[in-house]
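First the structure, in the form of structure tokens, and then the observations on it.
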Amino acid sequence: MQRSNNNSDVEVKSELQHRAKQETSKKSSKPVGKEIEDHSGDAGNKAEDHYKQRLSPFRYKFRSYLLPIVRYETDILYQLQSSLRNTVFDFYFAWTANLASHTFYVLMLPPPIWFGASKMARDLVYVLGLGIYLTGFLKDYFCLPRPRSPPLHRITMSSYTTQEYGFPSSHSANATAVTLVVMSNIIRNRGAFDSVTYYSIIVGLAIYYFSLIFGRLYTGMHGFLDIFTGSAVGLSVFLFRFYFGEQWDTMMFNHGYIFGIALILGLNLFMIHIYPEPIDDCPCFDDSVAFVGVLIGLDLTHLVGYQSKIFFNLNDFGDHYLLPFVNDGGPFKILARFLLGVGLVVTWKSISKPVIFTILPPVYKVVGVYLPRRNYISTAHTRDPTRHIRSTSISNDVDQIGNINKFIKGVSDHSQLDRYGPSSDIDYYEIMDYNKGKKGKPIDLEKLNFKSGVFKDRYDVEIVGRLIVYAGVSCASVLAFHFAAKYLNL
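What follows is the structure, encoded as structure tokens:
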């Protein structure tokens with residue numbers, strides 16, 4: 001182990017020297033030391049104690065048990081990355097990682113609903129929603145960092161992702177669940193494809209899955225423990241949906257509006273209520289709230305469809321969720337339906353946030369709504385004016401999932417692929433803790449370009465507001481799209 005530590009010191013020193021040469025011009029004009037916040041006064045105290053003082057005894061003990069595994073994997077991942085790294089792989093694995101991002105799925109889930117694959121779309125929404133919630137829950141519960149950088153380079157197009165904890169991998173959960181859902185549908189409908197198409201799809205899914213799973217290791221974003229656990233979560237939510245999905249839907253929709261609404265809202269709000277408090281500034285909770293909102297909206301719209309039979313009476317398949325679609329207009333009609341759906345979703349997101357955050361804060365203050373959660377300010381009890389609460393809540397939602405402009409910019413901008421050094425407080429505390437336990441030369445944080453992140457001002461009204469926004473995305477994708485397409489004869 002001592003030899004491994006010495007090797008790690010050499011690797012880190014080499015990486016820092018290489019980085020220093022690349023940053024010479026920047027340092028000469030503006031020293032890095034002036035760009036980062038000085039943590040020298042609290043570095044010795046905040047490493048281990050930062051988590052020990054804030055986590056429950058069980059959470060801290062479990063984290064302490066798993067943390068050595070995460071650290072042990074770092075040297076293995078560094079050797080893997082160093083031996084394979086080249087420009088082509090950097091671009092390929094960084095780009096393909098976008099195919100399992102939360103934003104990508106938000107953008108790609110509605111089209112199957114619009115083009116006759118309603119049941120598969122429902123399965124995909126469920127496995128992704130539950131997978132993102134469960135992986136986010138575990139991330140914030142155990143607070144385990146990503147593999148350490150340095151020595152690893154984090155090769156990614158998304159700075160948002162680097163701010164999260166590492167265990168388990170949500171990308172692995174997403175990729176596993178999506179691959180299994182699509183694969184099961186392809187196998188179930190084997191007769192609808194010729195041999196070439198069938199096996200091409202199977203091979204394509206295999207490449208998709210390998211690229212995402214191995215890519216998380218190559219890019220330094222996750223270790224083996226993260227990958228295995230994330231894949232297990234993805235497999236679990238798929239098996240639940242595959243074996244019990246129809247029974248669950250029948251129980252939820254077959255007992256009237258009151259029971260259905262109570263079950264949908266009660267269960268999903270309970271999931272938000274029991275979600276663990278993050279110790280560091282991690283966006284996992286925001287992602288989980290967004291996808292719980294998507295689940296609420298989809299279930300409510302499908303409850304209406306099931307009870308009213310509005311879709312059931314329009315098809316010959318006995319499908320309560322199938323939106324009518326006959327492609328009698330060729331590519332033009334397909335394009336028109338797609339643009340209509342995207343337009344409805346974008347319009348809803350653009351209009352809903354200002355309206356929601358204008359209405360909710362005064363309601364919170366009058367009614368006295370209080371949702372206690374660490375790092376969230378009580379809207380009902382704060383003296384901040386509602387105008388300030390509104391503007392802050394809207395600005396906090398700018399970087400959330402589903403931001404099309406930010407997603408496109410991240411995919412097209414290749415200048416920020418390589419991220420080296422701590423990206424968040426999570427990484428900073430991990431390196432401080434690592435330095436505290438090392439006998440060799442510690443990592444010099446002052447040489448790394450890092451500016452400490454802090455919790456932003458957040459109001460509890462943002463939680464309900466985000467639920468409503470993303471529930472509306474589902475409603476716009478199903479009910480609003482159905483009536484708009486019917487009116488436009490699409």
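Quick note on numbering: UniProt numbering labels position 416 of the sequence shown as 416, and the sequence is numbered without any gaps. Note that beta-carbon positions come from the ideal geometry of N, C-alpha and C, so glycine has one too.
Asked	Found
C475: CB within 7 Å of a non-hydrogen atom of the ligand ZN	Because no ligand of any kind appears in the structure shown, any question about the ligand ZN cannot be addressed here.
Bridge partner(s) assigned by DSSP for Y459	I377
Beta-carbon proximity list for P354, same chain, < 7 Å, skipping 5 on both sides	I394
For P168, the three-state DSSP class (helix, strand or coil)	coil
Reference P150; option with closest CA among D249, P110 and Q81	Q81
G41 burial status per 10 Å Cβ neighbour count (16 or more: buried)	Because G41 carries a pLDDT of 30, less than 50, the predicted location of this residue cannot be relied on, and no value is offered for it.
Whole-angstrom distance between F167 and S288, CA atom to CA atom	15 Å
Beta-carbon proximity of R241 to Y126, cut-off 8 Å	yes
Cβ-Cβ distance between A94 and T219 below 8 Å	yes
CA nearest to the CA of Y275, picked from A480, F238, T229 and L371	L371
Alpha carbon of K119 to alpha carbon of H255, nearest angstrom	20 Å
Closest by C-alpha distance to R71, when choosing among D226, N375 and Q53	D226
Nearest residue (CA-CA) to D123, options L109, Y78, Y208 and L134	L109
Local Cβ density within 10 Å of T392, reported as buried at 16 or more and exposed below that	buried
K52 to P278 span [Cα, whole Å]	13 Å
Spatial neighbours of Q79 in its chain, beta-carbon cut-off 7 Å, leaving aside the 5 residues before and after	none
Outcome for A476 when other beta-carbon atoms lying within 10 angstroms are tallied against a minimum of 16	buried
Rounded C-alpha distance that separates W248 from L152	44 Å
Simplified DSSP assignment, three categories, for P112	helix
Span separating the alpha-carbon of L298 from that of A471	7 Å
C-beta contact flag for V294 and G465 at 8 Å	no
When C282, V342 and S211 are compared against L107, the one with the closest alpha-carbon	V342
For F338 and P111, believed in contact at Cβ under 8 Å, the rounded distance	7 Å
With 16 other Cβ atoms within 10 Å as the buried cut-off, status of L303	buried
Ordered list of alpha helix (DSSP H) runs contained in the region 285–311, each at least 4 residues	none
Close beta carbons around V345, own chain, < 7 Å, minus the five adjacent residues each side	P110, V473, A476 and S477
Cβ neighbours of K409 in the same chain (closer than 6 Å, five flanking residues each side left out)	Low per-residue confidence applies at K409: pLDDT is 49, beneath 50, and the placement is therefore not dependable, though the value from the model is reported in the following sentence. So no residue of the chain qualifies.
Expected contact under 8 Å - CB spacing of S170 and G230 to nearest Å	6 Å
C475, DSSP secondary structure in three states	helix
Classification of A97 by the beta-carbon crowding that lies within 10 angstroms, buried from 16 upward	buried
Local conformation of G260 per DSSP, three classes	helix
For V469, the three-state DSSP class (helix, strand or coil)	helix
Straight-line gap, P361 to R373 (C-alpha atoms, nearest Å)	17 Å
Best match in P324, F270 and D460 for proximity to L479 [C-alpha to C-alpha]	P324
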